[in-house]
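Just so you know, we're using my numbering here: the sequence shown kicks off at 11 and counts up by one. Beta carbons: idealized from backbone N, C-alpha and C, even for Gly. Below is one structure, written out as structure tokens; comments come after it.
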Amino acid sequence: MYRNLFAIPRRDRDREWVYFCGHSLGAQPKAASSYVRRVLEQWAWEGVQAYFSDRAHWVDYADRLREKLAPLVGASPASIALAHTLTTNLHLLLASFYRPTARRFFLLIERQAFPSDRYAVQSWATWWGYPEAVVELSELVPSTEAIVAQIEALGERLAGVWMSGVHYLTGQVFDIAAITQAAHRVGAWAGWDLAHAVGNIPLALEAWDVDFAVWCSYKYLNAGPGAVGGLYVHPQHHGHVPLLAGWWGNQLETRFAMQPHFDPAPDARAWVHSNPSPLSLAVLEASLDIFARLDLPAYFEAVRSLHQRLRGQLQALPFVEVVTPPQSHGAQVSFRLKVKDPRQAFQSLLSAGFCVDWREPDVIRAAPVALYNLPDEVDAFAEAVAALDPTHG
Ligand SMILES: Cc1ncc(COP(=O)(O)O)c(C=O)c1O
11 MYRNLFAIPR RDRDREWVYF CGHSLGAQPK AASSYVRRVL EQWAWEGVQA YFSDRAHWVD
71 YADRLREKLA PLVGASPASI ALAHTLTTNL HLLLASFYRP TARRFFLLIE RQAFPSDRYA
131 VQSWATWWGY PEAVVELSEL VPSTEAIVAQ IEALGERLAG VWMSGVHYLT GQVFDIAAIT
191 QAAHRVGAWA GWDLAHAVGN IPLALEAWDV DFAVWCSYKY LNAGPGAVGG LYVHPQHHGH
251 VPLLAGWWGN QLETRFAMQP HFDPAPDARA WVHSNPSPLS LAVLEASLDI FARLDLPAYF
311 EAVRSLHQRL RGQLQALPFV EVVTPPQSHG AQVSFRLKVK DPRQAFQSLL SAGFCVDWRE
371 PDVIRAAPVA LYNLPDEVDA FAEAVAALDP THG
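Written out as structure tokens, the structure reads:
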């Protein structure tokens, strides 16, 4: 769709990959280097003055970018903050929201949740003295009804639900609104990992009444390796839950008064600890300026249709098992190869120029990204899979 605005990664000097790994690290917007150069020049010319100069004004660069990000998460700019990285933001928000009692301490997470989420949630359960608090969903690809039933079964013993908007392994999109409502009905909160969701599927965090969420920006947001992450806190919680404080969460008006007491920002920025790097924000801005050109509903339809083009061809093959559910998906198609040596088959797809990835124990993930991938690439990949020899690898 906007392929010429991206640098498509290369296998070697002369050949591009068919790059289907935007679920892991999005392609680089070509404009990123000029956005970063601008920050480098501001630094070279202005030094520390760039934080408050009319031209650069880094002091609220992250705050200004919230306007550009807000439509992608479906929240008012005040409810989001750009800072830190996903796991750090998750810890900061669990510190605020996980307040277990002897009666209500269980935490419900997905089956095969991303390891970092699992470690974070488990560490808070252990920290509070409830090491057995983390409960997994019973199925890897559950229906919404099954998830709601598990929430209801835990009932008033459930402290919170921590899930991904899109499961990193299976590519399943969860019904954030219905699951959040079910959590609220039993008096629990619902928080969401949007690493694979933001920029990939439509989100309406505020309308869905989500309590809090975190994301990274290096996947479908194309903001580069280790890019600045984001967090969302529902307005009803601003100022009403305890938080771990840092100076960048102090409101801007008094931040540089260097007072001994914390004077929190009135919104989600209160959770920010440290000054974010303008270099990292610049890459994110380059990418958000591309998203600003899109008709978002039409774009998300294009994402779905590229996925369906790929899954349709793959599931017609007798030795392919598509894991991603047919209706609940974004870009990513997760599948298993029922061949003699699936790992070897994956390697041969890589050698043929298809950049997809392997996740243990046996899942291949391929994400055609409508921003920069083409239907022809989808067809070529499906042909390469079809040409595998199931008796071999
Ligand atoms: C679903 C999910 N959650 C969490 C993370 C961890 O992100 P970070 O390294 O930014 O903390 C990732 C990274 O790929 C992820 O895919």
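Cβ neighbour criterion (16 or more within 10 Å) applied to His-250: Counting Cβ neighbours within 10 Å, His-250 comes out exposed, since fewer than 16 surround it.
Asp-64 (DSSP reduced to helix, strand or coil): Here Asp-64 sits in coil by DSSP.
For Tyr-29, the residue or residues it bridges with in DSSP: Tyr-29 pairs with Cys-365.
Option nearest Gln-342 by Cα separation, candidates Ala-42, His-244, Arg-375 and Phe-272: It is Arg-375.
Reference Asn-434, options Phe-301, Gly-256 and Pro-307, closest by Cα: Absent from the model: residue 434. The displayed extent of the chain is 11 to 403, so no value can be given.
Residues bridged to His-271 (per DSSP): Among the bridge pairs identified by DSSP, His-271 is matched with none.
Exposed unless 16 or more other CB atoms sit within 10 angstroms - verdict on Val-58: Label assigned to Val-58: exposed.
Leu-96 Cβ short of 8 Å to ligand 1 heavy atom set: Leu-96: yes, Cβ under 8 Å from ligand 1.
Local conformation of Arg-13 per DSSP, three classes: Of the three classes helix, strand and coil, the one that applies to Arg-13 here is helix, per DSSP.
Exposed unless 16 or more other CB atoms sit within 10 angstroms - verdict on Asp-73: Buried is the call here.
Three-state class that DSSP yields for Trp-218 in the structure shown: Of the three classes helix, strand and coil, the one that applies to Trp-218 here is coil, per DSSP.
Phe-345 - DSSP class collapsed to helix/strand/coil: Strand.
Rounded C-alpha distance that separates Ala-492 from His-244: Residue 492 is absent from the structure shown; the chain starts at 11 and stops at 403.
Assumed close pair Val-313, Ala-380 - CB separation to whole angstroms, cut-off 8 Å: The beta-carbon separation of Val-313 and Ala-380, rounded to 5 Å, stays under the 8 Å limit for a contact.
Best match in Ile-189, Ala-214, His-317 and Leu-327 for proximity to Pro-335 [C-alpha to C-alpha]: Of the candidates Ile-189, Ala-214, His-317 and Leu-327, the residue whose Cα lies closest to the Cα of Pro-335 is His-317.
Reduced DSSP category for Ser-174 - H, G, I as helix; E, B as strand; rest coil: DSSP places Ser-174 within a strand segment (E or B) once states are collapsed to three.
Beta-bridge pairing of Leu-241 - partner residues as DSSP gives them: Under DSSP, Leu-241 shares a beta bridge with Ala-91 and Val-224.
Sequence-distant residues of the same chain with beta carbon closer than 8 Å to Arg-65, five excluded per side: Apart from sequence neighbours up to five positions away, the residues of its chain that approach Arg-65 with a beta-carbon distance below 8 Å are Gln-52 and Glu-56, ordered along the chain.
Distance cut-off 8 Å: Phe-345 Cβ against heavy atoms of ligand 1: No, Cβ of Phe-345 sits at least 8 Å from all heavy atoms of ligand 1.
Ala-182 in three-state terms, based on DSSP: Residue 182 is actually Gln in this sequence, not Ala. Here Gln-182 sits in strand by DSSP.
Whole-Å CB distance - Ser-344 paired with Gly-139, under 8 Å assumed: Ser-344 to Gly-139, Cβ: 37 Å. No contact.
For Gln-191 and Gln-354, the rounded distance between their alpha carbons: Computed Cα separation, rounded: 44 Å.
Same chain only: Cβ atoms within 6 Å of Gln-325, ignoring 5 sequence neighbours per side: Closer than 6 Å at the Cβ level, and outside the excluded window around Gln-325, lie Val-332.
Leu-168 beta carbon less than 9 Å from that of Leu-118: Taking 9 Å as the Cβ cut-off, Leu-118 and Leu-168 qualify as a contacting pair.
Where the alpha helix (DSSP H) through Phe-107 begins and ends: Note, Phe-107: alpha helix (DSSP H), 96–107.
At least 3 beta-carbon pairs within less than 8 Å: the stretch 224–232 vs the stretch 193–207: A contact is defined here as three or more CB-CB pairs under 8 Å, and the stretch 224–232 meets this definition with respect to the stretch 193–207.
Close-in-space but distant-in-sequence residues of the same chain around Gly-84 (CB under 8 Å, 5 per side omitted): Cβ within range, chain order: Pro-212, Leu-213, Ala-214, Leu-215, Glu-216, Ala-217 and Trp-218.
Any non-hydrogen atom of ligand 1 closer than 8 Å to Gly-239 Cβ: For ligand 1, at least one heavy atom lies less than 8 Å from the Cβ of Gly-239.
Cβ-heavy atom distance, His-339 to ligand 1, below 8 Å: No, since every heavy atom of ligand 1 falls outside the 8 Å radius drawn around the Cβ of His-339.
Of the listed residues Ser-290, Asp-372, Leu-298 and Gly-363, nearest to Thr-95 (C-alpha basis): It is Ser-290 whose Cα lies nearest to the Cα of Thr-95.
Residues near Leu-75 by beta carbon distance below 8 Å, same chain, minus five either side: Leu-92, Leu-291, Leu-294, Glu-295 and Leu-298, listed in sequence order.
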